[in-house]
Structures are given as structure tokens and as C-alpha cells.
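J.: Sharing a structure here in C-alpha cells format.
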Amino acid sequence: MAELRWTWVDDVDTSWREALARAFDPAALVPVAGLRPRGIAGRSCGLLAAPPSVPFGVFVKTFAHGSLHARVRHRRGASGAAVEFDNAVRLHQMGLPMPRPLALADECGLWGCAKSHYLMEHIAGAKPLGECLAAAGLPGSPAFDALALAAARLLVDLAAKGVWHRDVNGGNVLVAPDNAGRLRRLYVVDARHVEFGRLPGAPALEQMLTALAGSLLADGVSDRRVLALASAVPDAAAEHGGGSMRLVSPETTLLLGRRLAAHLVAREVRKGKRPAEALDVFSRRYAGPGDAANYRDRRFARSRYGRKVEAAERRIVEGMLPGLRLRGPVLDAPCGTGRFLPIFAAFSREIVAADTSAEMLALARQESVPAGWPIAYVMADVRRLPVEDGRFELAFAMRLLHRVRGREERLDVLKELARVSRRWVLFSFYDRRSWRGLRDRLRGRYAGETPEVIEAEVARAGMRVERFHPVGWRGRQTLVLCSKSDVPPQGPPREG
Ligand SMILES: C[S@@+](CC[C@H](N)C(=O)[O-])C[C@H]1O[C@@H](n2cnc3c(N)ncnc32)[C@H](O)[C@@H]1O
317 MAELRWTWVD DVDTSWREAL ARAFDPAALV PVAGLRPRGI AGRSCGLLAA
367 PPSVPFGVFV KTFAHGSLHA RVRHRRGASG AAVEFDNAVR LHQMGLPMPR
417 PLALADECGL WGCAKSHYLM EHIAGAKPLG ECLAAAGLPG SPAFDALALA
467 AARLLVDLAA KGVWHRDVNG GNVLVAPDNA GRLRRLYVVD ARHVEFGRLP
517 GAPALEQMLT ALAGSLLADG VSDRRVLALA SAVPDAAAEH GGGSMRLVSP
567 ETTLLLGRRL AAHLVAREVR KGKRPAEALD VFSRRYAGPG DAANYRDRRF
617 ARSRYGRKVE AAERRIVEGM LPGLRLRGPV LDAPCGTGRF LPIFAAFSRE
667 IVAADTSAEM LALARQESVP AGWPIAYVMA DVRRLPVEDG RFELAFAMRL
717 LHRVRGREER LDVLKELARV SRRWVLFSFY DRRSWRGLRD RLRGRYAGET
767 PEVIEAEVAR AGMRVERFHP VGWRGRQTLV LCSKSDVPPQ GPPREG
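This is the structure we're talking about:
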């Protein structure tokens, strides 16, 4: 084995140093139960069978310095291992709740340091905050509220001491429960991306809270839980004497968190860390250069049938709008190149056009509606819209759900549309009983869904189908007008 060079934290007892150095063997670390195979942030991790004189277990995080460049960086004290170790020591000295850092052991050879092992106290039984928040009772229950307040206090404590942990997330905050499963203490780990004194208290707190909210939402923790967590922060700040800190509202934190969550999920899908859903694959079709112009210029224009369908879709939407008696904002998501924006602009004074493709949005902005019209263009994923509940009077999603075969994925979109609308939702799907659906079935292709299946899903999303409107006789693309179930029925609106 290469020689080990030890850098000990000052307050580590000499007898522990000797015992740990004797016991340490990087090849004989015990795997940590419940940890992903790639460990934490891609670093391998293991447990050291701590010598009896050391009163706690020892957790080891190993950083490999593969390239010559990485070794030079490490020598200069700028490698991930060195930065994380230095930051952890500093945070621990500041009295912040970190697992106690013990030492950095560098494996040195002729060509510099190949690996660094960061030794720290092992917090036995600790679980990630994200997991604990999802499993604690509902917001309002003592278990949940205690956990949310503890997490809020941790963030406030960091911010009040001038610390901005840029990578606070549901996995980097650990919860140590006692034997009865009650909350004991929270710890923050992964100190690599920590800044000291860079942001003043309130902005640092907001950044960390948004980062935590985004990661929790991306991992499927519900809006309600995240909102409850964000609502605990002002109380924690007041306890800390920071009552005058000006913080954004919990609702705004939720919106910012949603935006971040969409970005985090898209990044994980891109990196292959999360399975791609149908809409991830679909959105890539419109993300490349030229895809948007191609959609605008060729998608419908290249055949007589295409032109007919395009005109019919617009006619149907135009015909439905007067009957909806819109008095509030409209969401067009995905807006694509803005085919429907001029129609909405004639009926509503406020329109939000959302799409995941920057190119599609750019074309929509350029061409659909004259400058000065009341349209906001937002890059957003229809599965996680960064807007508050009931923001729109109509949420419109044309030519999106026909690409989604999975019921759960379709339901997620329907629920999101239902969430952001206070009255109407209009979307389209492929009817498998159409002529083209029949043809696809004969060819063994995905043919769409039956109206009954769609109706059941609409009901699960908390809405009611007012009517189906196929594009053309027995047309495949079919529009569905839905109303929120909690809105008193007005009767199916007539075409204008
Ligand atoms: C076939 S186009 C339809 C656009 C427009 N609704 C229309 O009918 O012309 C599909 C659009 O969906 C967008 N898209 C795909 N997945 C999305 C998602 N998850 N969230 C928002 N937009 C998405 C694409 O970028 C593309 O602009």
C-alpha cells in the first residue's frame, strides 16, 4: 500500500490518532447499509471498524485523484477532498451540527496523492431528511412539525453564522432518531460547496431553503410538506433573534422550489440517473436547433391533410372560447411556436405561454402576437409548473398528452393542470377508436386511449369532463374540455 499521510483535526486526542492510524485499512472498509453503490456524490464510502478506545464509529469518504491535474490540485489544497475537509473542520469549530471531522489520510506515492480518505464520526442510524419528511406524519402532526422546525432551525443557524451551504438538499441533511424513532438531532453533511461570509443572512437562508425545497420536490415530497417546512422558517428565524429578516413567503419558496425541481429532474434524466419518462423523450424532439422552425414551417404545412387538421384545431378552440366566458388568465402549455396565442389574446388580457424548448418559446415570442400583447413566456415543464394553485381560469395543453402512454405520467400532468386552473382545463389526446387509431392498432402501434379511460383519469385528477371534441369526423386528435369538480356545473358551454 502507498504511504499514508495524515492531517489530523487539532482536537483529536493523541491516543485516538494512534489507534485510528493503526486500525485504518482502506481495503477493509465495511460497506454502509442503505447507501447507494456510488456512495455520496460519486465518492465511495465505508465504515472503519473503530478501535475500542474510540467511542464512536468512523465513516470514511474516499476521493480518488485520477488525473495528474487532480493530483496537482490536491497538492495545492484545492481538490474536493481538501476543500470538504477544511470546510467541515471550520463548520465544526463554529459549533454547527456536522458529524465530527477527524482526519484526512492521503495515499501518497511517486506520482503524488492518488486518493484521499476523509474520516469523520459515523452518526449511527441517521437517515436523509427527505426520506424522514416524506415518512413523518402529515403537516400539523407533532412528528412532522418537530422535524420541519428542526430543519428550519438548522438552516437559520447556518445563515445566521454567515454560512451558505450551496448544496443543501434532502440527502445532505441527516436526521438521527433515537431508539423510539423520535427525532434526536439534525446534521448537515457534504461541506464541499460551502461559502463563508459570502451572502448575508436572509439571502443565504432563502437560497438554502429554495435548494432544499427543490430537491425535496424533485424527490417526490409533496407540495404540502414543503410548504409546511417553508412556513416553519420564519418561526425559527424569530427564535434566533432574526425576526426582522425579510424573507419571501412560503408560497414563493414553493414556486421557486418547483422551478428548481424541474431543472434537477431534467438534469438527472439527461445524465441517466433517473429513468426518462415519455415527456422527457418527447421534449428532446423540440430542443435542437432548427426543430422549432421545422415544426412551424413543416409540421402541418407539408400536406393538405395537415393543413386541414391545423385549421380545424384552431377553429374548435376559437369556437369553444366564447362559451367559457373567460375573465381571468390563460395558460398555454406547451405553447410550441404559439399557434393558439392570437386566439387566446382575443379573449383574455393575461396569457402565460410555457414550454420546455427555448427555441419554441423564441419563435412564439417573435411571431405569434404583435409586441405589447399581454403574454408572458416562461420556460417550464408542464409536470411542475412554477405557479400557484388556481392561478389560471383556463389551462390549455394541446398536442402533448397523445405522446404519453403511461397512465401515471398522464395523471401527473392532468393533476398539475387541474392544480393551476381554477375553472377550465382543455387538453388533447389520441382517441384509439378513431380511424387512425384503428390503423395503428392493426399495425401494432400505440393507438391512443379510449374516452372512458381519459374520463376516469380526469376524475382522478379532480375534474369532470364536459365534452370530447374530435378534430374531424372520427379524428384521432381529440380535445377534452374539463371543469374543476368543485366548480358548480354551468352546463357544457356552447360553441360561439
Ligand atoms: C407538438 S408540440 C405542440 C405545441 C402546441 N401546443 C401546438 O399545438 O402547436 C409539443 C410541444 O411540447 C413541448 N414539450 C414537450 N414536453 C414538455 C413538457 N414536459 N413541458 C412543457 N412542454 C413540453 C415541446 O417543446 C413542444 O413545443
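Position in the sequence shown (from 1) plus 316 gives the number in the numbering used here. Cβ atoms here follow ideal geometry from the backbone N, Cα and C, with glycine treated the same way. The model shown is predicted, which means the values in this text are computed figures rather than measured ones.
Which residue wins for smallest C-alpha separation from A380, given the options P702, W689, C361?
T.: Minimum Cα distance to A380 is reached at C361.
J.: What three-state label does DSSP hand E811 in the structure shown?
T.: Its pLDDT being 42, under 50, E811 is placed unreliably in this model, and the value from its coordinates should be taken loosely. Coil.
J.: Could you compute how far the alpha carbon of L572 sits from the alpha carbon of A335?
T.: Approximately 48 Å, taken between the alpha carbons.
J.: Distance check for P638 and V774, CA to CA, integer angstroms please.
T.: Cα to Cα, V774 sits roughly 23 Å from P638.
J.: Suppose contacts are defined by Cβ-Cβ distances below 7 Å. Is M414 in contact with F375 by that definition?
T.: In this structure, F375 does not lie closer than 7 Å to M414 by Cβ.
J.: Take the Cβ of Q806 as the centre, count every other Cβ of all protein chains shown within 10 Å, and call the residue buried at 16 or more, exposed below.
T.: The predicted position of Q806 is uncertain, since its pLDDT is 48 and thus under 50; a value taken from the coordinates is nonetheless stated next. Exposed, by the Cβ-count rule.
J.: Identify every run of the alpha helix (DSSP H) within the stretch 702 to 754, keeping only runs that are complete inside it and at least 4 residues long; order them along the chain.
T.: Segments of the alpha helix (DSSP H) lying fully in the stretch 702 to 754: 723 to 736.
J.: Three-state secondary structure (DSSP) at P805?
T.: Residue placement at P805 is flagged as unreliable, the pLDDT there being 46, under the threshold of 50; the coordinate-derived value follows with that caveat. Here P805 sits in coil by DSSP.
J.: Where L709 and L677 are concerned, what is the direct C-alpha to C-alpha distance, given to the nearest angstrom?
T.: For the record, residue 709 in the displayed sequence is Glu; it is not Leu. Each residue's Cα considered, the two are about 22 Å apart.
J.: K587 bridges to which residues according to DSSP?
T.: According to DSSP, K587 bridges with nothing at all.
J.: Curious, which full-length beta strand (DSSP E) runs of at least 3 residues does the stretch 361 to 397 contain?
T.: As far as the stretch 361 to 397 is concerned, its whole beta strand (DSSP E) runs of at least 3 residues are 374 to 380.
J.: Would you please state the rounded distance, in angstroms, between the beta carbons of L642 and F663? I believe it to be under 8 Å.
T.: At roughly 5 Å, the Cβ-Cβ gap stays under 8 Å, so L642 and F663 are in contact.
J.: At a cut-off of 6 Å, would you count D494 as near ligand 1, judging by its Cβ distance to the nearest heavy atom?
T.: No, Cβ of D494 sits at least 6 Å from all heavy atoms of ligand 1.
J.: Tell me, which residues are paired with A419 by DSSP?
T.: Paired residue(s): W324, L435.
J.: What residue does the alpha helix (DSSP H) around S531 start on, and which one ends it?
T.: Where S531 is concerned, the enclosing alpha helix (DSSP H) stretches over 517 to 534.
J.: From which residue to which residue does the beta strand (DSSP E) around M779 run?
T.: Residues 779 to 786.
J.: Tell me, which residues are paired with V774 by DSSP?
T.: Paired residue(s): none; V774 is not in a bridge.
J.: If you measure from each CB to the nearest heavy atom of ligand 3 and keep those under 5 Å, what residues do you get, in chain order?
T.: Of the ligands this structure carries, namely ligand 1, none is ligand 3.
J.: So for T794, helix, strand or coil by DSSP?
T.: In the structure shown, T794 sits in a strand (DSSP, three-state: E or B).
J.: Would you check if the stretch 731 to 741 and the stretch 703 to 717 touch, i.e. whether three or more CB-CB distances between them fall below 8 Å?
T.: Taking 8 Å as the limit for Cβ pairs, the verdict is that the stretch 731 to 741 does touch the stretch 703 to 717.
J.: Given a cut-off of 7 Å, decide if S744 and R699 are closer than it, judged by their beta-carbon atoms.
T.: No, the pair does not count as a contact, with Cβ atoms beyond the cut-off.
J.: Please list, in chain order, all residues of the same chain as V769 whose beta carbon is under 6 Å from its beta carbon, the five residues on each side excluded.
T.: Hits under 6 Å: none found.
J.: Specify the secondary structure class of H481 as computed by DSSP and reduced to three states.
T.: Three-state DSSP puts H481 in a strand.
J.: Starting from L465, follow its DSSP beta bridges and name the residues at the other end.
T.: Looking at the DSSP assignment, L465 forms no beta bridge with any residue, so it has no partner.
J.: Look at the Cβ atom of R792, then the Cβ atom of Y762, and state whether they are nearer than 7 Å.
T.: No, the Cβ-Cβ distance between R792 and Y762 is not below 7 Å.
J.: Tell me, which residues are paired with A670 by DSSP?
T.: Paired residue(s): V694.
J.: Indicate the three-state DSSP secondary structure (helix, strand or coil) for C448 in the structure shown.
T.: In this structure, C448 counts as helix in the three-state DSSP scheme.
J.: Taking C-beta to C-beta, are V399 and P417 nearer than 7 Å?
T.: Contact: no.
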